[in-house]
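To start, the structure under review is shown below, and the notes come after it.
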Amino acid sequence: MTPNAVRLDLISPRELEADLTDWLTEHQPEAPLLVTHVNGHNDASRPMTIAEQVAGTLPLIRLSLTTNEETARRLLASLATDYAGSGVRWSMWPVETGRV
Numbered sequence: 410m411t412p413n414a415v416r417l418d419l420i421s422p423r424e425l426e427a428d429l430t431d432w433l434t435e436h437q438p439e440a441p442l443l444v445t446h447v448n449g450h451n452d453a454s455r456p457m458t459i460a461e462q463v464a465g466t467l468p469l470i471r472l473s474l475t476t477n478e479e480t481a482r483r484l485l486a487s488l489a490t491d492y493a494g495s496g497v498r499w500s501m502w503p504v505e506t507g508r509v
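Quick note, this note's numbering runs 409 ahead of the 1-based positions in the sequence shown.
In structure tokens:
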């Protein structure tokens with residue numbers, strides 16, 4: 410169980426998957442990291458290619474990890490410096506964790 414646990418999700422273009430996965434693993438090696446391929450709808454964060462316009466979606470990834478709030482905020486501060494202008498979005502909310 411993680412005290413003051415939060416779930417931190419990063420939504421990013423798929424082309425950043427390897428870089429962001431390595432970056433998170435280096436900055437938070439003890440936290441389990443989930444990477445999910447998702448399709449974004451109604452996303453004006455960048456222009457869509459012709460193929461994306463035809464499909465109506467943007468290929469994105471969601472990187473999710475559960476950690477404590479202090480660590481999540483530290484990661485976000487570093488992310489803002491290391492990936493400034495990359496279009497990576499984030500969300501964070503409190504969670505309860507455990508293992509059965």
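Think of the CB as a built atom: it goes at the ideal place given N, C-alpha and C, for glycine as much as any other residue.
Since we're looking at a predicted model, the values are computed, not measured.
Restricting attention to 430, 415, 416, the CA atom closest to the CA of residue 492 is found in 430. Residue environment: residue 470 is assigned as buried (16 or more neighbouring CB atoms within 10 Å of its CB, all protein chains considered). For residue 508, there is no enclosing alpha helix (DSSP H), as DSSP marks it with neither H nor E. Residue range 478-491 is occupied by the alpha helix (DSSP H) that includes residue 484.
If you ignore the 5 residues before and after residue 477, its C-beta comes within less than 8 Å of the C-beta of 411, 412, 413, 414, 415, all in its own chain and listed in chain order.
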